[in-house]
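In this note's numbering, the protein residues as written are 4 to 221.
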């Protein structure tokens, strides 16, 4: 497990559902680094490190997880990604990560990679064009009259014509599903009394600043 995965509570959810049926190994060198980050660096780094340590503690409490710690270190190697790759090759293990750059680097080194984002997206229910859903409109979108909501699994839903229903649960019809490296986005038209709301055809590209920030943190 690399740090980007440990920092995400989704790893606990996937394991609790029985999706990850292999033993998970956390190198001691990453725990040492996390403790170091809690004492130095900016507040964002400290907070992320503390969150990682909390997730590790929760993972230890999952009996069926079979979490293991590995004491092997490579003191001559300074780059943390290179350490992960060397350890994976040494113990013949796969690397579970949420960092696309690590996926690319490890692939070059011949190590099998499991991308948490891809795994999580593959397990989400499929949405088809024309499907009807109920969604709570939580905020305005980037385009006029657009609203934004979220499914229970965290998937962002962009609702054309939903800007007039902030705070309301409305009916919507799926237009399309866009897959990105950080997840998926669903585009819908808002419906009222079974009919499309005025402005629901004003469908434009949606770029979410929050989603971009999350992806850059990985």
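Don't be surprised by glycine CBs; every beta carbon is placed ideally from N, CA and C.
query: Between which residues of its own chain and residue 73 is the CB-CB distance below 8 angstroms, once the five residues before and five after are set aside?; result: 28, 29, 30, 31, 90 and 94
query: Using alpha carbons as the reference points, say which of 169, 67, 158 and 176 lies closest to residue 188.; result: 158
query: Within the same chain, show all residues whose beta-carbon is closer than 6 angstroms to that of residue 3, passing over the 5 residues directly before and after it, in chain order.; result: The structure shown has nothing for residue 3, since the chain only spans 4 to 221.
query: Can the beta-carbon of residue 83 be found less than 9 angstroms from the beta-carbon of residue 36?; result: yes
query: Put residue 148 into one of helix, strand or coil per three-state DSSP.; result: coil
query: Rank 79, 145, 190 and 173 by C-alpha distance to the C-alpha of residue 179 and give the top, closest one.; result: 190
query: Look at the alpha carbon of residue 115 and the alpha carbon of residue 85, and state the distance between them as a whole number of angstroms.; result: 14 angstroms
query: Based on Cα-Cα distance, which residue from 43, 140, 151 and 170 lies nearest to residue 161?; result: 151
query: Please report how far the alpha carbon of residue 168 lies from the alpha carbon of residue 177, in whole angstroms.; result: 17 angstroms
query: Over the uninterrupted alpha helix (DSSP H) stretch that includes residue 58, give me the two end residues.; result: 46 to 63
query: Under 8 angstroms by Cβ, that's how I've got residue 166 and residue 192 pegged, so tell me the actual separation to the nearest angstrom.; result: About 12 angstroms separates the two Cβ atoms, so there is no contact after all.
query: Starting from residue 99, trace the beta strand (DSSP E) both ways and give me its first and last residue.; result: 98 to 100
query: Out of 81, 142 and 60, which has the shortest C-alpha to C-alpha gap to residue 170?; result: 142
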